[in-house]
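Heads up: the sequence shown is residues 843 to 1103, going by the numbering used here. For glycine and all other residues, C-beta sits at the position ideal for the given N, C-alpha and C.
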Amino acid sequence: ADGLNDQQTRVLDRYVEQGGKVLITGKIPAQLQCFNSLQYKSTRPTEKGSYIRIRPEDRERLERDVLEKLDLVFLNGVFHVYESDKQTDNLLRLIPGDMFGPPEKCYYRNVSDVPALFYRKHGKGSAAYFPWEIASHYQRQSHQGHTNLVLGAMENLLGLNRKLRVESHPLMEVTHRQDKDNRFEWVALYNHSGQRENALHRPIPMYEIKIHLRPVRPLKAVRLLKAEEQPAFSCTADDKITITIPQLNHYEIALFEYKRR
């Protein structure tokens, strides 16, 4: 976030004031008003043996099943230290660099009071902030702890109601597109289980894949383009359309067609 200029921060602040929700990482630009409650103190360099502590009260706020099994995620990069006022919630805690080496000497002894996640309301909207590069951590190691910290902040702090949710194996790639005139949407599924480095093999079939989509108009029909079928669909309590694909081998495209006004 520290790369934003004055004009970009003004646009971002207006967006949040009018009801938008934003997730920020890195260092906060001094002119960004949605987090003007934070006071910058220092930037800690990369230290071996640094972690982010996930406390029981953090699990209650972030509400992710994976986090119930985790007390720590690793920190491998700089960390920006901020102090906040009483109107800003602070979660997670920094564990400064400590014992590092073979397994019998790789543990921490002290947990600091420095927050590693902030949340506050601003105008009609809200903002969450990780004072470290959590996205870069996932890019390097693909650790599910970092993923679930981000998803917990988005869904349970910011209250983001996702338009699309797919229940499937992590090796399923999902692509979603919407027609500019809202005549249809499609969700493409690709089974990556047969890919091993540069070699492509026959993928392992996946079963009972559920697609939950919040429609933009009353639904006319749903079609599976590869299977050439029309699956049954139902409406959930949160007004999403749900379909189930019994089996997927290589790929499938689910087309959601809407009624004309």
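Just to confirm, is the Cβ distance from residue i to residue j under 8 Å?
| i | j | result |
| --- | --- | --- |
| residue 1046 | residue 1010 | no |
| residue 1082 | residue 1055 | yes |
| residue 961 | residue 968 | yes |
| residue 1090 | residue 1064 | no |
| residue 937 | residue 893 | yes |
Sort the options by Cα distance to residue i and report the nearest one.
| i | options | result |
| --- | --- | --- |
| residue 957 | 970, 966 and 965 | 970 |
| residue 1058 | 1087, 1028 and 1038 | 1028 |
| residue 986 | 1035, 912 and 940 | 912 |
| residue 1034 | 975, 1102, 1094 and 952 | 1094 |
| residue 930 | 964, 952 and 941 | 964 |
| residue 875 | 1006, 1064 and 852 | 852 |
| residue 959 | 1020, 1015 and 897 | 897 |
| residue 997 | 1060, 905 and 1072 | 905 |
| residue 866 | 847, 848 and 992 | 992 |
Can you check DSSP and say which residues form a bridge with residue i?
| i | result |
| --- | --- |
| residue 884 | 923 |
| residue 791 | With the chain represented from 843 up to 1103, any question about residue 791 goes unanswered, as that position is not in the structure. |
| residue 931 | 961 |
| residue 1099 | 1026 and 1063 |
Is residue i close to chain B, meaning its C-beta is less than 8 Å from at least one C-beta of that chain?
| i | result |
| --- | --- |
| residue 895 | Checking the listed chains, one finds no chain B in this structure; it contains a single protein chain. |
Taking the alpha-carbon positions, what's the residue i to residue j distance?
| i | j | result |
| --- | --- | --- |
| residue 895 | residue 901 | 11 Å |
| residue 1088 | residue 878 | 50 Å |
| residue 925 | residue 940 | 23 Å |
| residue 881 | residue 972 | 14 Å |
| residue 799 | residue 1000 | Given a span of 843 to 1103 for the chain in the structure shown, any question on residue 799 remains unanswerable. |
| residue 1030 | residue 1006 | 12 Å |
| residue 988 | residue 1002 | 18 Å |
| residue 914 | residue 870 | 24 Å |
In three-state DSSP terms, what is residue i?
| i | result |
| --- | --- |
| residue 1002 | coil |
| residue 1007 | strand |
| residue 1052 | strand |
| residue 947 | helix |
| residue 977 | helix |
| residue 911 | helix |
| residue 856 | helix |
| residue 1033 | strand |
| residue 993 | helix |
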